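A.B. asks: Its first residue numbered 48, the sequence shown is counted upward by one per residue in the working numbering. Right, I'll just put the structure down here and ask away after.
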Amino acid sequence: MINPTEVNSLIRLLDDPDGEIFEHVHQKLFSYGPEAIEYLEQAWEQAFDPIQQERIANLVHEIQFDIVKKDLQLWHQGGAFDLLQGILIINRYQYPDLDEQKVINQIEAIKRDIWIQMMNEASPAEQIKLINHVFYNIYGFSGNTTNHQDPQNSYISQVFETKKGNQISLAIIYSIIAQKLDIPVYGVNLPQHFILAYLDDSLQSEFEGGILFYINAFNKGFIFGRRDVDMFLKQLNLKFDKQFYEPCSNTDIIRRVLRNLISSYEHLGSSDKVDELNELLLIIEGSSPWPPNGEIKM
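Structure follows, in structure tokens:
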């Protein structure tokens, strides 16, 4: 158990001009982990010294960032089965105090509104038409075309707040809702434009990968076919690659969200955030930091 008297005594030493004392106090408080945050926040409110306030704020962020790193590592090592959990961990990087149950409840509300209107014998196209009606027309979600580089487009809580997102954030919410309704819609890691695929295992022999059609979540759930993907890749001068047509893993999706955020913060010149997000990226890919060649993938 944490000792409040000891913690508060240490916090008071955070503005010590002696570098060694400050470093020792800083490390000791950091070692307490999330339990120390409440005491640090109280001390920040009562502090008048700007140096002490800054040091407290930085320490709180370090502790919270450490929690995010550990949670992401556990999610990844545990098989990355729950996409919603993965995207909420990334959300925690910018919004550590968010009530995550609120996001979960919002997803459940959309799912319920679709489910109420869903016909038992609805065809795949009819199912998507209904999801599109509820998601875009009733709830008002749309692609953020005016400020596409804004990092807020990648944080799920903000997408729910503003009803605007980028290709991948809208596709994540769309696919989570579809899968909760047992509708087989999954993310496809197409370069520069994240899309969704409607999977039908019974079509495995007729269609490569058993994909019935594709969905553009950024463009109000527009349905399109394989030839459109062929044309898009041709425009980008990219050769055929199976991964551009077939569903990707949840790890691939979270990796791409992190890359988007890195690109967004580079655009804003926020080097500290770029460094931290590269740390998160390394947790799930264990290779060189992003971006290797300055390429932006949305």
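The beta carbon of each residue, even a glycine, is placed where N, CA and C say it ideally should be. The structure displayed is predicted, hence computed values, not measured ones.
Is D247 closer than 8 angstroms to G234 when the C-beta atoms are compared?
C.D. replies: Position 187 of the sequence shown, counted from the start, is the residue given in the question as residue 234. Position 200 of the sequence shown, counted from the start, is the residue given in the question as residue 247. Result no, Cβ atoms of G234 and D247 do not sit closer than 8 angstroms.
A.B. asks: Straight-line CA distance for I161 to I178?
C.D. replies: Indexing the sequence shown from 1 puts residue 161 at position 114. Indexing the sequence shown from 1 puts residue 178 at position 131. Distance between the alpha carbons of I161 and I178 is about 6 angstroms.
A.B. asks: Just the C-alpha distance for L228 and K158, rounded to the nearest angstrom, thanks.
C.D. replies: Residue numbering aside, residue 228 sits at position 181 when the sequence shown is read from its first letter. Residue numbering aside, residue 158 sits at position 111 when the sequence shown is read from its first letter. Their Cα atoms are separated by approximately 7 angstroms.
A.B. asks: Which ranges would you report for the alpha helix (DSSP H) in the region 139-189 if only whole runs of at least 4 residues count?
C.D. replies: Whole alpha helix (DSSP H) segments, 4+ residues: 147-164 and 171-179.
A.B. asks: Are there 16 or more other CB atoms within 10 angstroms of the CB of G126, so buried, or fewer, so exposed?
C.D. replies: Here residue 126 corresponds to residue number 79 of the sequence shown, with the count starting at 1. Its Cβ having fewer than 16 others within 10 Å, G126 is exposed.
A.B. asks: Please name the residue in A94, S201 and N297 whose C-alpha comes closest to that of L243.
C.D. replies: Position 196 of the sequence shown, counted from the first residue, corresponds to residue 243. Among A94, S201 and N297, the Cα nearest to that of L243 belongs to N297.
A.B. asks: Using DSSP's beta-bridge definition, name the partner residues of I242.
C.D. replies: To locate residue 242, count along the sequence shown from 1; it is residue 195. Paired residue(s): V235.
A.B. asks: Quick one: is P198 buried, meaning 16 or more other Cβ sit within 10 Å of its Cβ, or exposed?
C.D. replies: Here residue 198 refers to the residue found at position 151 of the sequence shown. Label assigned to P198: buried.
A.B. asks: Within this structure, are the beta carbons of I49 and L60 separated by less than 8 angstroms?
C.D. replies: Position 2 of the sequence shown holds residue 49. Position 13 of the sequence shown holds residue 60. Cβ atoms of I49 and L60: not closer than 8 angstroms.
A.B. asks: Taking Cβ positions, are Y202 and Y142 nearer each other than 8 angstroms?
C.D. replies: Within the sequence shown, numbered from 1, the residue matching residue 202 stands at position 155. Within the sequence shown, numbered from 1, the residue matching residue 142 stands at position 95. Yes.
A.B. asks: To the nearest angstrom, how far is the alpha carbon of S222 from that of A83?
C.D. replies: The residue labelled residue 222 in the question sits at position 175 within the sequence shown. The residue labelled residue 83 in the question sits at position 36 within the sequence shown. Approximately 38 angstroms between the Cα atoms of the pair.
A.B. asks: Given a threshold of 16 other Cβ atoms within 10 Å of its Cβ, counted over all protein chains shown, does R139 qualify as buried or as exposed?
C.D. replies: Locating residue 139 in the sequence shown gives position 92, counting from the first residue. Buried, since its Cβ has 16 or more Cβ neighbours within 10 Å.
A.B. asks: What is the DSSP secondary structure of G212, reduced to helix, strand or coil?
C.D. replies: Indexing the sequence shown from 1 puts residue 212 at position 165. Residue state, collapsed to three classes: strand.
A.B. asks: Reducing DSSP to helix, strand and coil, say where P97 ends up.
C.D. replies: Along the sequence shown, one-based indexing puts residue 97 at 50. DSSP places P97 in helix when its eight states are reduced to three.
A.B. asks: Can you tell me whether F279 is helix, strand or coil according to DSSP?
C.D. replies: Taking the first residue of the sequence shown as position 1, residue 279 is located at position 232. Three-state DSSP puts F279 in a helix.
A.B. asks: Whether or not the region 278-286 and the region 183-193 are in contact is what I'm after, with contact meaning three or more pairs of Cβ atoms, one per stretch, closer than 8 angstroms; do they touch?
C.D. replies: They do not touch, by the three-pair rule.
A.B. asks: Where does N263 fall in DSSP's three states?
C.D. replies: As a position in the sequence shown, residue 263 is number 216, starting the count at 1. Strand at N263.
A.B. asks: Need the endpoints of the alpha helix (DSSP H) that F69 sits in, please.
C.D. replies: Counting from one through the sequence shown, the residue named residue 69 turns up at place 22. First-last of the alpha helix (DSSP H) with F69: G66 to S78.
A.B. asks: Judging by CA-CA distance, which residue of N213, L259 and I163 is the nearest neighbour of P171?
C.D. replies: Position 124 of the sequence shown, counted from the start, is the residue given in the question as residue 171. If we check each option's Cα against that of P171, L259 comes out closest.
A.B. asks: Assuming E361 and R303 are in contact, meaning their beta carbons sit under 8 angstroms apart, how far apart are those beta carbons, in whole angstroms?
C.D. replies: Since the displayed the chain opens at 48 and closes at 345, residue 361 lies outside it and no answer follows.
A.B. asks: Hey, which unbroken runs of the beta strand (DSSP E) at 3 residues or more fall wholly within the region 105-145?
C.D. replies: Qualifying beta strand (DSSP E) stretches: none in this window.
A.B. asks: Whole angstroms is fine: what's the gap from F254's alpha carbon to Y292's?
C.D. replies: On the sequence shown, residue 254 is found 207 positions in, with the first residue counted as 1. On the sequence shown, residue 292 is found 245 positions in, with the first residue counted as 1. Bear in mind that the predicted position of F254 carries a pLDDT of just 47, short of 50, making it too unreliable to give a figure here.
A.B. asks: On a Cα-Cα basis, can you pick out the residue from D319, D275 and Q214 that is closest to N307?
C.D. replies: Here residue 307 refers to the residue found at position 260 when the sequence shown is read from its first residue. Answer by Cα proximity: Q214.
A.B. asks: Give the straight-line distance between the Cα atoms of D65 and K75, rounded to the nearest whole angstrom.
C.D. replies: For this step, residue 65 is matched to residue 18 along the sequence shown. For this step, residue 75 is matched to residue 28 along the sequence shown. Their Cα atoms are separated by approximately 16 angstroms.
A.B. asks: Considering only residues of the same chain and omitting the five flanking positions on each side of H73, which have a CB-CB separation below 8 angstroms?
C.D. replies: On the sequence shown, residue 73 is found 26 positions in, with the first residue counted as 1. Here the set comprises L61, R102 and L106.
A.B. asks: Going by other Cβ atoms of all chains shown within 10 Å of its Cβ, with 16 needed for buried, is Q174 buried or exposed?
C.D. replies: Position 127 of the sequence shown, counted from the start, is the residue given in the question as residue 174. Classification for Q174: buried.
A.B. asks: Is F287 helix, strand or coil by DSSP?
C.D. replies: By one-based count along the sequence shown, residue 287 stands at place 240. Looking at F287 - three-state DSSP - the assignment turns out to be coil, as it is neither helix nor strand.
A.B. asks: Provide the residue(s) that pair with I84 in DSSP beta bridges, ordered along the chain.
C.D. replies: Counting from 1 along the sequence shown, the entry for residue 84 is found at position 37. The partner list for I84 (beta bridge, DSSP) is empty, contrary to what the question assumes.
A.B. asks: Let me check understanding here. Comparing Cα to Cα, which of Q153, S318, F95 and G187 lies closest to G268?
C.D. replies: Against the sequence shown, residue 268 aligns to sequence position 221. Out of Q153, S318, F95 and G187, G187 has the C-alpha closest to the C-alpha of G268.
A.B. asks: Whose C-alpha, out of A225, P51, L145 and I110, is nearest the C-alpha of F182?
C.D. replies: Counting from 1 along the sequence shown, the entry for residue 182 is found at position 135. Here the closest residue by C-alpha is A225.
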